[in-house]
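Heads up: the structure comes next, in structure tokens.
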Amino acid sequence: MSILEKICVTDTRNLVSVTLSPSSAINIVHGVNGSGKTSLLEAIYLLGTARSFRSSKVKPVIRQGRDDCTVFGTVLTGDKLWALGVSRSRDNSCRIHINGDSARLSSKLASVLPVQVINSDTFRLLEGSPKDRRQFLDWGVFHMEHRFLNAWQRAQKAMKQRNALLRHGKMADSLLDVWNTELIQSGEEIDGYRRSYFEALKPVFEETLGQLSDLTDIQISYTRGWDKESGLCDVLERSLKRDIESGYTHWGPHRADIRIKHQSVAAVDSLSRGQQKAVVCALKLAQGRLFSQSRMFGCVYLIDDLPSELDREHRLKLCRMLRNMKAQVFITCVEPEALAEAWGADKSVKMFHVEHGVIVEDLLSKAGH
Ligand SMILES: Nc1ncnc2c1ncn2[C@@H]1O[C@H](COP(=O)(O)OP(=O)(O)O)[C@@H](O)[C@H]1O
Ligand SMILES: [Mg+2]
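Okay, so the sequence shown: first residue is 5 according to the numbering used here, each after it adds one.
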């Protein structure tokens, strides 16, 4: 598995200078509201993606009065040790270092430190837009299929060019043909990768959900973004008139989605909040389980406020599941007691107390419980 062995955070939100040596298994990060728990998860996410999960802008993440925030970490994947460094500045620049060399692409970071977040935004898998579910799906496809990124980039470019032509009205057919061909090829390729990933994910999700809750009758299905009976080529041809009228491409891989239903009704309209949390956690955990089956290493889980929405029984089930995943996990909570009973005297659990941006390992509670 990918294990973050050490992390140094500078000027990230209220974390001025924090150094931690986490457990390779479970890490519980506790403290009152506003102490800096989510900021620590955000810093780890920054190290794996060069982005924040809380804000699309980088400025709010940088400590007030500072010009940049920096996160360093050492990561063990299998028997390889990596030194990662990410620095983001107010002028929006981004510096990434991997083993001393500067890297241009954040996708390199993701392959060394794959991170999965579970927080209140994870409910968007049910209540959000298709884009949220596509991002979820594509995280998995990206990590399982190395040709996916290239196909995805080609489709993005073809779509942009095609839409620009549609909007300009006066189009040369030959130019439209070029981008149609590119979109059809890359779109069909993407659909193939997404479909085979989804087929692998579905049974793992069902098994995971069965371990997390006694919900039955949850169905998930994949839709590719165009008519399932027709090739993308025919679909583009049939919708050309409408595409020209509206100035954009109606059908294609950019419309793919995952449908999540409970007894044939959209899960978001029929499940309680706690049941929804079980479903979204099962999706995320299934993705991590599938990931670690195909790799020498598993992904790192960042779980913000694990106890929220879950009653004791479901909390315990989720904790048990996390330990069995053999993944490195960072969990935040306000009251550590809510989780202590799940792990008892487990020596691989480390507890950290956060207060005003200062994080201290809780050695006493480890020895005492
Ligand atoms: N850019 C920033 N600079 C300094 N402090 C910040 C910045 N952004 C947020 N904060 C402060 O950081 C603190 C920690 O926030 P957070 O990590 O969300 O707390 P919590 O422990 O509740 O998860 C909050 O008090 C917040 O006001
Ligand atoms: Mg928080």
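All C-beta atoms in this analysis are idealised placements derived from N, C-alpha and C, irrespective of residue type, glycine included.
Whole-angstrom distance between residue 348 and residue 373, CA atom to CA atom
Residue placement at residue 373 is poorly supported in this model, since its pLDDT is 45, which falls under 50; the coordinates still yield a value, given next. Between residue 373 and residue 348, the C-alpha separation is close to 6 Å.
With 16 other CB atoms within 10 Å as the buried threshold, where does residue 118 fall?
Per the 10 Å Cβ criterion, buried.
Between residue 93 and residue 131, what straight-line distance do the alpha-carbon atoms span, to the nearest angstrom?
C-alpha separation (whole angstroms): 33 Å.
Following the continuous beta strand (DSSP E) through residue 254, name the residue where it begins and the one where it ends.
Looking at the DSSP string, residue 254 is not in any beta strand (DSSP E), and its letter there is neither H nor E.
So, are the CB atoms of residue 258 and residue 229 less than 8 Å apart?
At a Cβ-Cβ threshold of 8 Å, residue 258 and residue 229 count as neighbours.
Cβ-Cβ separation, residue 11 to residue 51 (assumed contact under 8 Å), whole Å:
Indeed, because the Cβ distance is near 7 Å, the residues count as touching under 8 Å.
Applying the 10 Å Cβ sphere with the 16-neighbour rule, what's the burial state of residue 38?
Under this definition residue 38 is an exposed residue.
Can you give the Cα-Cα distance for residue 275 and residue 360, rounded to whole angstroms?
Looking at the two C-alpha atoms, the distance is approximately 37 Å.
Measuring CB to CB, does residue 163 end up less than 8 Å from residue 253?
Cβ distance < 8 Å, so residue 163 and residue 253 count as in contact.
Between residue 42 and ligand 2, is the CB less than 7 Å from at least one heavy atom?
For ligand 2, at least one heavy atom lies less than 7 Å from the Cβ of residue 42.
Just how far apart, CA to CA, sit residue 358 and residue 17?
If you take the alpha carbons of residue 358 and residue 17, they lie about 13 Å apart.
Do you know whose CA, among 126, 365, 31 and 323, lies nearest residue 215's CA?
Of the listed residues, the one whose Cα sits closest to residue 215 is 323.
Can you find the residues in the same chain that come closer than 7 Å, C-beta to C-beta, to residue 239, ignoring five residues on each side of it along the sequence?
Cβ neighbours of residue 239 beyond the five flanking positions: 230, 231 and 255.
Identify whether residue 371 lies in helix, strand or coil by the three-state DSSP scheme.
Residue placement at residue 371 is flagged as unreliable, the pLDDT there being 42, under the threshold of 50; the coordinate-derived value follows with that caveat. Reduced to three states, the DSSP call for residue 371 is helix.
Using a 10 Å radius around the Cβ and a threshold of 16 neighbouring Cβ atoms, would you call residue 150 buried or exposed?
Here residue 150 is exposed: its Cβ has fewer than 16 other Cβ atoms, across all protein chains shown, within 10 Å.
What does the alpha-carbon distance come out to for the pair residue 188 and residue 178?
C-alpha separation (whole angstroms): 15 Å.
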